[in-house]
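Chemist:
Residue numbers (the UniProt record's numbering): 1 to 626.
1) With 16 other CB atoms within 10 Å as the buried threshold, where does residue 618 fall?
2) Answer yes or no: do residue 628 and residue 400 have a C-beta to C-beta separation smaller than 8 angstroms?
3) Buried or exposed for residue 326, going by 16 or more other Cβ atoms inside 10 Å?
4) From the DSSP output, in three-state form, read off residue 509 for me.
5) Of all the options 132, 481, 528 and 609, which has the alpha carbon lying nearest to the alpha carbon of residue 543?
6) Specify the secondary structure class of residue 477 as computed by DSSP and reduced to three states.
7) Look up residue 239 in the DSSP assignment and give the residues it is bridged to.
8) On the premise that residue 165 lies in contact with residue 156, defined as a C-beta separation below 8 angstroms, what is that separation, rounded to the nearest angstrom?
9) From the DSSP output, read off the bridge partner residues of residue 610.
10) Here's the rule: buried if 16 or more other CB atoms are within 10 angstroms of the residue's CB, otherwise exposed. What is residue 280?
11) Residue 487 bridges to which residues according to DSSP?
12) Evaluate the contact criterion for the region 530 to 546 versus the region 554 to 574: three or more CB pairs, one atom per stretch, below 8 angstroms.
13) Identify whether residue 145 lies in helix, strand or coil by the three-state DSSP scheme.
14) Could you tell me whether the region 304 to 323 touches the region 336 to 345, where touching means 3 or more Cβ pairs closer than 8 angstroms?
15) Whole angstroms are fine: how far does the CA of residue 600 sit from the CA of residue 694?
16) Please classify residue 582: is it buried, with 16 or more other beta-carbons within 10 angstroms of its beta-carbon, or exposed?
17) Which runs of the beta strand (DSSP E) fall wholly inside the region 433 to 471 and span at least 3 residues, in chain order?
18) If you drop the 5 nearest sequence neighbours on each side, which residues of the same chain put their C-beta closer than 7 angstroms to that of residue 347?
19) Using the Cα positions of residue 426 and residue 482, report the straight-line distance between them to the nearest angstrom.
20) Assuming residue 111 contacts residue 137 under a Cβ cut-off of 8 angstroms, what Cβ separation, rounded to an integer in Å, is found between them?
21) Could you check whether the region 101 to 120 touches the region 247 to 264, counting it as contact only if at least three pairs of C-beta atoms, one from each stretch, sit closer than 8 angstroms?
22) Determine, using beta carbons only, whether residue 519 and residue 529 come nearer to each other than 8 angstroms.
23) In the DSSP assignment, the beta strand (DSSP E) including residue 326 goes from what residue to what residue?
24) Do you know offhand how far residue 235's Cα is from residue 498's?
25) Applying the criterion that 16 or more other CB atoms from any shown protein chain within 10 Å of the CB defines a buried residue, is residue 436 buried or exposed?
26) If you reduce the DSSP assignment to three classes, tell me which class residue 91 lands in.
27) Nearest-angstrom Cα distance between residue 547 and residue 276?
28) Using DSSP with H/G/I as helix, E/B as strand and the rest coil, what is residue 589?
29) Count the other CB atoms within 10 Å of the CB of residue 72; is the residue buried (16 or more) or exposed (fewer)?
30) Thinking C-alpha only, which one of 413, 85, 590 and 432 is nearest residue 302?
31) Can you give me the Cβ contacts of residue 132 inside the same chain, cut-off strictly under 6 angstroms, excluding the 5 residues immediately before and after it?
32) Between the Cα of residue 169 and those of 454, 146 and 154, spot the shortest distance and give me the residue it belongs to.
33) Measuring alpha carbon to alpha carbon, tell me which residue in 477, 384, 447 and 431 is nearest residue 458.
34) Taking the alpha-carbon positions, what's the residue 480 to residue 391 distance?
35) Would you say residue 307 reaches chain C, if we count a Cβ-Cβ gap shorter than 8 angstroms as a contact?
36) Can residue 579 and residue 486 be called in contact, C-beta distance under 8 angstroms?
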């Protein structure tokens, strides 16, 4: 019955067309840039496990195929390569070592459902240990290797870990001085001098055959710590099916190949290195070259030596490479894909032009969210974008940008009580629809039920729905490309790491006799992320920050130590007695605008020095590096 209305009143019908993006023709033209094999990518979805929770139960059959990789083709001899020592781990070696870990776990009484912390630097053994724990049904808690003191204690205990596996590079002293010697966390495997309650790996001879292992069908694979947007680091749950889906999505979406060699210097306690990187080794037989710490001077030599075709980055890493002098090795590499996040739009063209890397695979993802309810990927090389969502069919992919209060990230709602979607060009909080009945859109959250609830909003786009709150502010253009804008809440990113302001505030307050302290991130011209700045209440002007830095060294990792210090008579509080930092963050670190005493870290001298106009000018000119 409505058909006649179309042709009876065509002007009104046509008048609705201008509501589409004015440059919709350009939008259509961009379609051919999508992957040519996108149909094959979709066709491969049915090959995913029908029962995802049993994925690890089938891992034994998968690992049994590892030896066939290097038997059938010389390209698959190496599973993992240690870029420092040059050690090459074949798939058989990885399989046998992880079997030995699983047998030892069973011997020590750690079975399905138990949690064991892993505190090691990135290396092939790191992968073999958590894989072996998974074979025994044990859930690994992958602790940030930079943590110290209270942060380390929190990381070891909040997951409910009963034991800790640590490498000799961490040193037994990192654990012995903490409150973990009560017996609850009682055994470590390593080669250093041990306490009587500890075991050395080289003193045991566990079986390396997987035939005697009964594969435990447990849902949780391991925990990855994320600072989220507020509070101390939280243990995010990674289930078996999610590990599989994230790794498989990256493989097909970015058109990886079985003969690719991936170079990663990202930490394996993060999802980018351990899932997107190492996951390609475990699932698709790619070789992964591991360097525990990024080295700009050795990067290209490593890539040439190991014939790498893919490397993983964060924004800081790309900037460091651009700052290096031109070298012969950077012209002899075989890299065709750079995969990561945080590459600034200003650096993108120069980075791609100088190093001649055909594809930049920028993505956005949160450790605790699923890859199909709050993850994005740039598949067609749009400069600066971290993903895309169709404006014509916005409901196909369950992510939206919604309006929030800029300072608090509190959701703004309309008269119906629903969130207000953002228009193109308008910054908003990224949210992802949750459907607990759909494995692709469920939210597994954190070990802490309270932390999980804090990341879920209700009545977002419709009454009764649920959505994951990313805590990050993005903006969408007229075509549907999404660009990262800012990290909200009490977390900021510096030197490639998420810094929890709550953790830094606690450490400083304890050192200063429980003084009022707020920590926030501030921008430095030409630097990636935000540098830490601590505002400290010093009512009697007695604090001398000169020696404060040395007191912070054993307490906080390097990236978490504040770059700037501001001393002021008192800190303002809210009506609920919460310390305010919004005004302080806005005032920044310019001594011409801030009436209080300011100090800045002198990296060479390892101490805080007064920040005056001359020093401010040097920093803004890029003459001082942190």
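All C-beta atoms, glycine included, are put in the ideal place defined by N, C-alpha and C.
Modeler: Taking the geometry as given:
1) exposed
2) The structure shown does not extend to residue 628, since the chain spans only 1 to 626, so no value can be given for it.
3) exposed
4) helix
5) 609
6) coil
7) 220
8) The pair is not a contact, with the Cβ atoms about 11 angstroms apart (cut-off 8 angstroms).
9) 599
10) buried
11) 472
12) yes
13) coil
14) yes
15) Examination of residue 694 is not possible in this model, given that the chain is present from 1 through 626 alone.
16) exposed
17) 456 to 458
18) 318, 319 and 322
19) 11 angstroms
20) 6 angstroms
21) no
22) no
23) No beta strand (DSSP E) holds residue 326; DSSP gives it neither H nor E.
24) 14 angstroms
25) exposed
26) helix
27) 41 angstroms
28) coil
29) For residue 72, the predicted model reports a pLDDT of 49, less than 50, meaning its position is unreliable and no value from the coordinates is stated.
30) 85
31) 98, 101 and 102
32) 146
33) 431
34) 6 angstroms
35) Given the protein chain composition of this structure (a single chain), no chain C is represented.
36) no
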